[in-house]
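In our numbering, each residue carries its 1-based index in the sequence shown increased by 495.
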Amino acid sequence: MVTLGPATTIGGMRVRVAGAAVDVAVPPAAARVPGVAMAGFRGRAEDPVHLRMIPYPARTVFVDLGDSLLVDDTDGTAKRGCVVVGMIAGSVRGRGRDVDLLQVRLSPLAAHAVLGGGPAGAVVSLEDLWGRDAERTRERLAGLRSWDDRFTVMAAALDRRLSAGKAMDPEVAHAWGRMVAARGRVRVERLAGEVGWSRKRLWSRFRAQVGLTPKRAAALVRFDRAARRLAAGHSAARVAAETGFVDQSHLCREAMAIAGTTPRSVAAAPWLAVDDVAWPA
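In structure tokens:
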């Protein structure tokens with residue numbers, strides 16, 4: 496057990512993010528839900544911290560219990576409270592000084608049941624998807640200080656939604672699983688053949704349930720692998736060669752298309768500073 500401010504949890508530590516000291520907590524194995532990863536963040540900075548999101552192959556729920564604000568620079572949308580962000584989120588940034596935030600990453604399979612469909616790049620209020628239950632859940636979380644208790648409450652809310660939600664087509668789930676296993680290096684035609692669907696049908700059903708086309712989803716999975724390697728300090732040329740890009744220029748184009756920035760900026764992104772702690776591979 497390690498102390499994180501006034502709360503106690505398993506598997507946490509302090510890291511520096513954009514110059515601010517942030518305590519990161521993760522739930523014990525017993526509190527984890529399949530297809531779901533959770534982490535708690537708590538800290539205070541003298542000046543507001545601005546963090547640009549790096550796209551990740553999961554939909555993310557932010558339950559803000561402090562003063563955080565999420566801004567989508569594509570349309571100027573700013574949201575507080577409980578917010579859902581899609582997988583393609585290169586235009587989204589977070590801002591805040593008093594950080595008290597529960598972050599939940601949902602695999603497409605879990606997200607389909609918990610959140611329903613929707614564009615992979617959308618930034619929406621959780622209330623739009625859960626109704627009054629979103630605010631009730633946030634109020635319960637705000638009344639707790641222990642991250643272990645917060646994880647338990649959120650896990651129960653997610654489990655209820657998973658049980659009641661609509662399951663993804665097994666063919667789409669298979670295609671997604673193969674993409675992840677192959678780290679994005681798989682052809683759509685081959686996936687269609689494996690599930691016995693036409694390429695057109697797989698494309699349509701996958702996009703409806705995941706929020707991205709199969710090709711775009713595979714590109715995002717591959718980019719996530721590359722982003723982690725870049726953040727670990729490896730050169731762009733080496734990362735491109737090891738993660739299936741034609742060359743460094745190809746990696747640069749994909750980084751710009753997916754994250755809206757260069758591999759150099761991805762490598763230095765404060766958003767990735769907590770990944771090894773909060774979201775271990």
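Ideal Cβ positions, reconstructed from N, Cα and C, are used throughout, including at glycine.
Shortest alpha-carbon distance to V558 belongs to which of H729, M533 and R700?
Checking every option, the nearest Cα to that of V558 belongs to M533.
By how many angstroms is the C-alpha of A726 removed from the C-alpha of L767?
Looking at the two C-alpha atoms, the distance is approximately 7 Å.
Exposure label - A676; buried when at least 16 CB within 10 Å:
Burial call: exposed.
List the endpoints of the continuous beta strand (DSSP E) containing V544.
From DSSP, the beta strand (DSSP E) with V544 extends over V531 to R547.
Member of R575, R680 and R748 whose CA lies at the smallest distance from the CA of R590
Per the Cα distances, R575.
Can you tell me the Cα-Cα spacing of L621 and F718, whole angstroms?
When only Cα atoms are considered, L621 and F718 end up about 27 Å apart.
Close Cβ partners of S586 (< 7 Å) along its chain, the five nearest in sequence each way excluded:
So the qualifying residues of the chain are D567, D568, T569 and G755.
Distance between D644 and R724 (C-alpha atoms, nearest Å)
CA-to-CA, the gap between R724 and D644 works out to about 34 Å.
Nearest to G535 (by Cα), restricted to the options D595, S760, I549 and T572
Closest option to G535, Cα to Cα, is D595.
Is the separation between the beta-carbon of V681 and that of A713 shorter than 8 Å?
Cβ atoms of V681 and A713: closer than 8 Å.
How big is the Cα-Cα spacing for A721 and D770?
Looking at the two C-alpha atoms, the distance is approximately 13 Å.
Segment limits, beta strand (DSSP E) that includes V510
Taken as a continuous stretch (DSSP letters only), the beta strand (DSSP E) holding V510 covers M508 to V512.
Outcome for D742 when other beta-carbon atoms lying within 10 angstroms are tallied against a minimum of 16:
Exposed, by the Cβ-count rule.
Option nearest R678 by Cα separation, candidates G739, D664 and Q704:
Cα-wise, what sits closest to R678 is G739.
Indicate the three-state DSSP secondary structure (helix, strand or coil) for S693 in the structure shown.
Looking at S693 - three-state DSSP - the assignment turns out to be coil, as it is neither helix nor strand.
When R539, G626 and A524 are compared against R509, the one with the closest alpha-carbon
For the residues R539, G626 and A524, the minimum Cα distance to R509 belongs to R539.
Once DSSP output is grouped into helix, strand and coil, what is the label at T572?
Strand at T572.
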